[in-house]
Amino acid sequence: MSFLLAGLSLLAAAHAATVEPVALSNCYNLPMWEATGPSTGFSGPWALIVDQCVNTTDPNGACTMEGFRSQSSSIDQQVDKGYIGIVGQQYNAYTPLRCVDGTGFVINVVTGPSSAEFVTVNITNVASDADLGYGMGTDTEAIQAYTHYIDGVKQDGIFIGAHNVTTWGMQLQGGAGGLVEASASGPGQ
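With mature numbering (1 follows the signal peptide of the UniProt record, and there is no 0) applied, the sequence shown covers -16 to -1, 1 to 173.
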């Protein structure tokens, strides 16, 4: 299963693809680059969308999450850290993702009763639990953008991941309002 930035088409299956990092020193390499006007220096916003989903617990591989979108969920009362997962309904509100020059990928999260701010998206460096989130401490790194190639042909879409891995595992989190947690699924995981 891959994550796709919304608004782009995706035809590639993550397991069969060769990945290539997208240079992000500036975000102009990504779709929806804002080059003029009062808000410049960013690309997006996009939703993360589940694409090419395979349910390994179903004999037919049927996956009911195909097309579901990203949403953030804080894990403490100060709202300074949390997870980015997939909501249990396809048309729920979603948390948009952006790329900001000099910062990388950010999401707009609620930080109080009537306020929100953009925070950097990262992935934990724990191989068995490489969660997608924000504010997760020092043992994290920024997510990266990738393109996929199948048989040498570049596929449509931008994929996110880390360490040349764009495949993600999903797990329903009990008591989290139907949030499905996203963790990178590298070789041997």
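Beta carbons: idealized from backbone N, C-alpha and C, even for Gly.
- With contacts defined as CB atoms closer than 9 Å, Ile127 and Val93 fail to qualify as a contacting pair.
- For Val105, the enclosing beta strand (DSSP E) begins and ends at Ser99 to Thr108.
- In the DSSP assignment, Cys11 is bridged to no other residue.
- For Gln128, the enclosing beta strand (DSSP E) stretches over residues Gln128 to Ile134.
- A residue is called buried once 16 or more other Cβ atoms fall within 10 Å of its Cβ, and Ile91 is buried on that count.
- Rounded to the nearest whole angstrom, the C-alpha separation of Gly141 and His132 is 8 Å.
- Per DSSP, reduced to three states, the secondary structure at Val6 is coil, with no helix or strand assignment.
- When only Cα atoms are considered, Thr150 and Ala114 end up about 12 Å apart.
- The DSSP-derived three-state label of Ala146 is strand.
- Its chain contains Cys11, Glu18, Arg82, Cys83, Val84 and Asp85 as the residues whose beta carbon lies nearer than 7 Å to that of Phe26, once the 5 sequence neighbours on both sides are disregarded; these appear in chain order.
- The shortest CA-to-CA distance from Thr87 to any of Val103, Leu116 and Leu14 is the one to Val103.
- With a beta-carbon spacing of about 7 Å, Pro80 and Trp30 fall inside the 8 Å limit used to define contacts.
- In terms of Cβ geometry, Ala100 and Asn13 do not form a close pair [threshold 9 Å].
- Residue pairing by DSSP puts Gly88 in a beta bridge opposite Val84.
- For Ser27, the enclosing beta strand (DSSP E) covers residues Phe26 to Trp30.
- Taking 9 Å as the cut-off, the Cβ atoms of Ile144 and Thr2 do not count as close.
- In the three-state reduction of the DSSP assignment, Asp115 falls in the strand class, which pools E and B.
- Closest by C-alpha distance to Phe89, out of Pro97, Asn109, Leu116 and Ser98, is Leu116.
- As a beta-bridge residue in DSSP terms, Thr124 pairs with Thr108.
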